[in-house]
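Numbering (my numbering), first residue to last: 2 to 439. Even for Gly, the Cβ is constructed at its ideal location relative to N, Cα and C. Computed from a predicted model, the values in this text were never measured in an experiment.
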Ligand SMILES: [Zn+2]
C-alpha cells in the first residue's frame, strides 16, 4: 500500500459529493492525500533497480533492458493491473533500427523493442475513453550511440529515464489505490513505458501507428522524461496549449505540493509525447526546469538523483491523470505554434562537439540560456564565455532554450567557428568561438 487505506476511504467519504460530478479541484486530491515518505521509498526502490549497473544501461535488444521490462510488468501485475487484452503479458513488441538516426550509422542494427502496457479500467459510462501516462524505460547501454561521453562505461540513465519510469510505476499504485473503492464514473487509464526512445522515439511512434487503445478515444497523454534531478522544487510543464480545457485541469494542481509548476509555452518534439501530438492527441510533458550536464553521459547515475523531487513529480502526474479521468469534459486538441513533428531536426545524439557550459535554465521559460558555470579547457572557456552570461544567439539565430540550442550544436563539426551572442551587464557581446570535439 502506498498510504493508509482507512484514511483514504474516510477522506473520500467526507469529500465525495453525493450527487453528480463536481469540478476536479473540489474532489479528493492525490497530492494532499499521499503519504510522502512512503511514496519516496517506493520511488527510490524502483529507480535504483532500473538504474542498477547490472542492467547495463537498458539498451533495447540486450539482457539489461529485458530485465527492466520484466520488473515493470511484474510491478504492474503486483499492483493488480491487467495486461491490455490485445497484448500478451503486458508486452507490445516491435522491430526498429537502432544505432544511428535514420540508420545512418554503419553499426546500426534491427532489434526488438517492447513497450510495457497496463490497464486500470474505467467505469460508469466513461470507460471507453482513455487517459495515458507514459515514460520511456530504455537508455544508451554503454553509449554505443547517442552518448556525450563515449567511454564504453555503462550509461545507467538514472535521470534519463529510470526517473520517469519509476514515476509511472508509483503513479500507477497511487491511482489504483484511490480508485479501487470508488464507484464514480471515470475514464480508463493506460500506463505505458516505451522502449526505443533514445534511437528516435521508436516505441511511441510504433504505438501511435498501431495503438493498443483507439487514439480517437484517447483523451490525453502525459509524458514524464527526466524528472529525477529537479532543482529548487520546480518542475516544468509544457503542452498545455495542445488541449483546450487543459488549463482547468492543471490550475492549482501544485497547490498542496512541495513542487511548483513552471509552465512553458512551447513544446519540444524530442520525447514520446510528440508521437501522440502528431496524431492529434492532447499532451502534457513534465520534465526538469534545469538541464543537467550529465545528460547522456555515464555520470547519469542513481547517486545524483533527487528522489523526493521525482516522487513528488509522480504524485503530481498521478493527480493530473486523476483529474483527466474524472472530468466531465475532455481537452480538445489544438496545435501549438512552432511545434515540429516527432523527432524532426537534428538529434541530441548527433552532437559531435563539446561546448562546456552548465546551463542555469532548461526551460522554455525565458529566451536564452543562462550560463551557470564554464568548464575549464572547453570551447566556451577558450571563447570567453563567463558565468552569468546569457547566451541569446547562435550564429545570429535566437536561442530559445537548451533543447533548441542542442539542435543547433548538432549541426556542427569539431573545428567550426560560431558567433555566440551573449548578454553581459545589459549589453550584447559577440564571441567568435571555435568548437572542440567532445
Ligand atoms: Zn535520453
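Suppose you measure from the CA of residue i to the CA of residue j; what does that come to, to the nearest Å?
i, j, result
"residue 184", "residue 29", "14 Å"
"residue 165", "residue 134", "10 Å"
"residue 306", "residue 173", "21 Å"
"residue 430", "residue 357", "18 Å"
"residue 273", "residue 216", "15 Å"
"residue 175", "residue 32", "10 Å"
"residue 76", "residue 265", "33 Å"
"residue 315", "residue 229", "10 Å"
"residue 422", "residue 295", "25 Å"
"residue 206", "residue 181", "32 Å"
"residue 352", "residue 57", "23 Å"
"residue 414", "residue 438", "8 Å"
"residue 320", "residue 123", "16 Å"
"residue 59", "residue 161", "11 Å"
"residue 91", "residue 137", "15 Å"
"residue 40", "residue 167", "11 Å"
"residue 139", "residue 64", "12 Å"
"residue 105", "residue 99", "Note that residue 105 has pLDDT 43, beneath the 50 cutoff, so the model's placement of it is unreliable and the number below is only indicative. Residue 105 and residue 99: Cα-Cα distance of roughly 10 Å."
At what residues does the alpha helix (DSSP H) containing residue i begin and finish?
i, result
"residue 230", "Per DSSP, residue 230 belongs to no alpha helix (DSSP H) and is neither H nor E."
"residue 327", "308-327"
"residue 72", "64-79"
"residue 170", "164-180"
"residue 48", "37-51"
"residue 1", "Given a span of 2 to 439 for the chain in the structure shown, any question on residue 1 remains unanswerable."
Assuming residue i is part of the beta strand (DSSP E), what are its boundary residues?
i, result
"residue 384", "Looking at the DSSP string, residue 384 is not in any beta strand (DSSP E); the run it does join, the alpha helix (DSSP H), is 380-384."
"residue 34", "Where residue 34 is concerned, there is no enclosing beta strand (DSSP E), although the alpha helix (DSSP H) it sits in stretches over 31-34."
"residue 263", "261-264"
"residue 238", "235-239"
"residue 137", "131-137"
"residue 210", "Element bounds for residue 210: not the beta strand (DSSP E) but the alpha helix (DSSP H), 203-210."
"residue 335", "Neither: residue 335 is in no beta strand (DSSP E) and is coded neither H nor E."
Near residue i, what residues of its chain come up, given a Cβ to Cβ distance below 6 Å and the 5 sequence neighbours on each side ignored?
i, result
"residue 150", "298, 299"
"residue 235", "261, 263, 290"
"residue 373", "359, 361"
"residue 425", "390"
"residue 434", "380, 384, 419, 421"
"residue 130", "188, 218, 220"
Quick one: what's got a C-beta closer than 7 Å to residue i's C-beta in the same chain, skipping five residues either side?
i, result
"residue 132", "188, 190, 220, 221, 322, 325, 326"
"residue 177", "80, 81, 82, 121"
For residue i, list the residues DSSP reports as bridge partners.
i, result
"residue 95", "114"
"residue 371", "391"
"residue 290", "Answer is none; residue 290 lacks a bridge partner."
"residue 418", "435"
"residue 124", "187"
"residue 360", "372"
"residue 222", "133, 284"
"residue 245", "333"
"residue 423", "392, 430"
"residue 441", "What is shown of the chain runs 2 to 439, which leaves residue 441 out entirely."
Spatial neighbours of residue i within its chain, please: CB distance less than 8 Å, with the 5 preceding and 5 following residues excluded, ordered by chain position.
i, result
"residue 336", "243"
"residue 152", "144, 299"
"residue 375", "357, 358, 359, 381, 382, 386, 387, 388"
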